[in-house]
Amino acid sequence: MRKLAAVAFGAAAVLALGACAGEGAGGGGVEGGETLAPEDVLVGVSMPTQTSERWIADGEAVEAGLEELGYDVDLQFANDDIPTQSQQIDQMITNGADVLIIAAIDGTALGSQLDAAAAAGIPVISYDRLIRDNENVDFYVTFDNYDVGVQQATSLLQGLGILDADRNETGEEGPFNIELFAGSPDDNNATFFWNGAMETLQPYLDSGVLTVPSGQTDFEQAAILRWQQETAQRRMEDLLTSTYSDGTELHGVLSPYDGLSRGIITALQGAGMGPSLADGLPVVTGQDAEIASVKLIVDGVQFATIFKDTRLLAEQAVIATEAYVNGGEPEANDTETYDNGIKVVPSYLLESVIVVADNVEPALVETGYWTQEEIEAGQAD
Ligand code: GAL
Numbered sequence: 015m016r017k018l019a020a021v022a023f024g025a026a027a028v029l030a031l032g033a034c035a036g037e038g039a040g041g042g043g044v045e046g047g048e049t050l051a052p053e054d055v056l057v058g059v060s061m062p063t064q065t066s067e068r069w070i071a072d073g074e075a076v077e078a079g080l081e082e083l084g085y086d087v088d089l090q091f092a093n094d095d096i097p098t099q100s101q102q103i104d105q106m107i108t109n110g111a112d113v114l115i116i117a118a119i120d121g122t123a124l125g126s127q128l129d130a131a132a133a134a135g136i137p138v139i140s141y142d143r144l145i146r147d148n149e150n151v152d153f154y155v156t157f158d159n160y161d162v163g164v165q166q167a168t169s170l171l172q173g174l175g176i177l178d179a180d181r182n183e184t185g186e187e188g189p190f191n192i193e194l195f196a197g198s199p200d201d202n203n204a205t206f207f208w209n210g211a212m213e214t215l216q217p218y219l220d221s222g223v224l225t226v227p228s229g230q231t232d233f234e235q236a237a238i239l240r241w242q243q244e245t246a247q248r249r250m251e252d253l254l255t256s257t258y259s260d261g262t263e264l265h266g267v268l269s270p271y272d273g274l275s276r277g278i279i280t281a282l283q284g285a286g287m288g289p290s291l292a293d294g295l296p297v298v299t300g301q302d303a304e305i306a307s308v309k310l311i312v313d314g315v316q317f318a319t320i321f322k323d324t325r326l327l328a329e330q331a332v333i334a335t336e337a338y339v340n341g342g343e344p345e346a347n348d349t350e351t352y353d354n355g356i357k358v359v360p361s362y363l364l365e366s367v368i369v370v371a372d373n374v375e376p377a378l379v380e381t382g383y384w385t386q387e388e389i390e391a392g393q394a395d
């Protein structure tokens, strides 16, 4: 054993030397098996935006976890602007970051930053969203994004009464009219959510239990750039005008994110529907358990969301960072699913939960994600 360890250490030392040769101005990076003392570690954390509360929570949770280990953290939010995110990452590399944790705005726009990170021996952890088309993505922490899409479609089918709470068919045959929304086309997750959802809905579309009256069933038609609430509201308003002004009923809307859901609900209510599910507001799905949407769920307005416990995701990013700092490799639980166009990135996937009015309490309150007061106020403390 000892001998093996010595050989491994030798090989690691050679690799470490190799990494040093390519180091950038900041002199950061831990790739190649060297171990850093906690007080010497600087981690760059790049988050896409502060307009969605989940990314603020993610950023703060990652920062707190890393600081607990004694690391320095450079946390930046990029305002959903690609050049801003590129500059912030460039700066982190120049400042001597040893590890980078990045939730990309556009999964394909960070090529030169990743090349620079690799040249400086800095491991890159892709956070929640996969960075594409570059070989220098070392690890990926995320949720099972395909399953999130399955859950979104399942919650739509449950809201329409086609499936029961245990996901069994009730025999309800509709027919129901639905419309479909997808996330940002430059976010790799959006396709996973869409595929999971569409494969779940397809049998019901084939059998005529579900129909999409607008005919807009392609990802490109349904996609909302940068996950913008206003864009979703506008598209819903346009659909209502083009397809539903003749009195055609709308029963449900597949929405992949709470911000979009709230834009969609505003459009529906603006057209005189609802205002709540009990008064005929269509079933609208979601994702992220954002506080404003959790209140809408409790109030019987939005039907469902998908809860992804970002505290657990942040924890995995911290665990992966620690592995690199200690000269090792993070442990993956999936080494097949996430091909970024160049390679399959070893990943750690977490599970998500469907939340409807009935399980807000156990899923979100008892887990300490939101307090009862926050939910009643529809606002984080
Ligand atoms: C996705 C993420 C979702 C949601 C969305 C909009 O990448 O996985 O949870 O936050 O972005 O921000």
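The sequence shown begins at 15 in our numbering and counts up one residue at a time. All C-beta atoms, glycine included, are put in the ideal place defined by N, C-alpha and C.
Short of 6 Å from the beta carbon of Y352, and not among the five residues preceding or following it, lie these beta carbons of its own chain, in chain order: L144, Y154, V359 and S361. Taking C-alpha positions only, A346 is separated from D272 by approximately 29 Å. Here Q216 carries a helix assignment [DSSP, helix/strand/coil].
Proximity of the beta carbon of G121 to the ligand GAL is not indicated: no heavy atom of the ligand is located closer than 7 Å. Taking each of S366, T381, Y258 and D372 in turn and checking the Cα distance to N159, the smallest one comes out for S366. Contact between the region 57 to 68 and the region 93 to 113 is established, with three or more Cβ pairs separated by less than 8 Å. Apart from the 5 residues on each side of it in sequence, G121 sits with its Cβ closer than 7 Å to the Cβ of R143, L144, I145, R146, D200, D201 and N202 in its chain, given in chain order. Fewer than three beta-carbon pairs drawn from the region 65 to 79 and the region 128 to 137 are found closer than 8 Å, and the two stretches are therefore not classed as touching. The continuous alpha helix (DSSP H) containing G125 extends over residues G125 to A133. For T335, the closest C-alpha among the options P189, P137, A51 and D54 is that of P137. For the pair of segments examined, the region 275 to 290 was found to touch the region 312 to 322: the number of CB pairs separated by less than 8 Å reaches three. In the displayed model, F206 falls within a helix according to three-state DSSP. Within the region 246 to 313, the complete alpha helix (DSSP H) runs of at least 4 residues fall at 272 to 284 and 305 to 312. Among the bridge pairs identified by DSSP, F157 is matched with L364.
Judged by the Cβ position, G197 qualifies as a neighbour of the ligand GAL at the 7 Å threshold, a heavy atom of the ligand being closer than this. In terms of CA proximity to T262, N191 leads the group T205, N191 and N209. For the 8 Å CB-CB criterion, A246 and G277 form a contact. 8 Å or more divides the Cβ of S126 from the Cβ of V370. A straight line joining the alpha-carbon of A204 with that of G355 spans about 16 Å. S256 sits exposed, since fewer than 16 C-beta atoms from the chains shown fall within 10 Å of its C-beta. Within its own chain, the residues whose Cβ lies closer than 8 Å to the Cβ of G175, once the five positions on either side in sequence are excluded, are T184 and E186, listed in chain order. G300 is positioned such that its CB atom lies no closer than 8 Å to that of I238. Counting only residues of its own chain and dropping the five nearest sequence neighbours on each side, G173 has a CB closer than 7 Å to the CB of G266, V297, F317 and A318.
According to the DSSP secondary-structure assignment, V87 is paired through a beta bridge with V57. Within the same chain, I305, V308 and L378 come within 7 Å of W384 by CB-CB distance, once the 5 residues on both sides are set aside. Annotation for Y85 indicates a beta carbon at 7 Å or more from all heavy atoms of the ligand GAL. Boundaries of the alpha helix (DSSP H) around I96: I96 to T108. Taken through DSSP and simplified to helix, strand or coil, Y338 comes out as helix. At the C-beta level, Y141 and A337 stay beyond 8 Å of one another. In this structure, R143 has its beta carbon less than 7 Å from a heavy atom of the ligand GAL. CA-to-CA, the gap between P52 and P344 works out to about 17 Å. The continuous beta strand (DSSP E) containing L194 extends over residues F190 to L194. For V151, no alpha helix (DSSP H) encloses it, and the DSSP letter there is neither H nor E. In summary, E149 is exposed, with fewer than 16 beta-carbon neighbours lying within 10 Å of its beta-carbon over all protein chains present. Distances taken from the Cβ of R146 to the heavy atoms of the ligand GAL include none shorter than 7 Å.
For the 8 Å CB-CB criterion, P270 and F321 do not form a contact.
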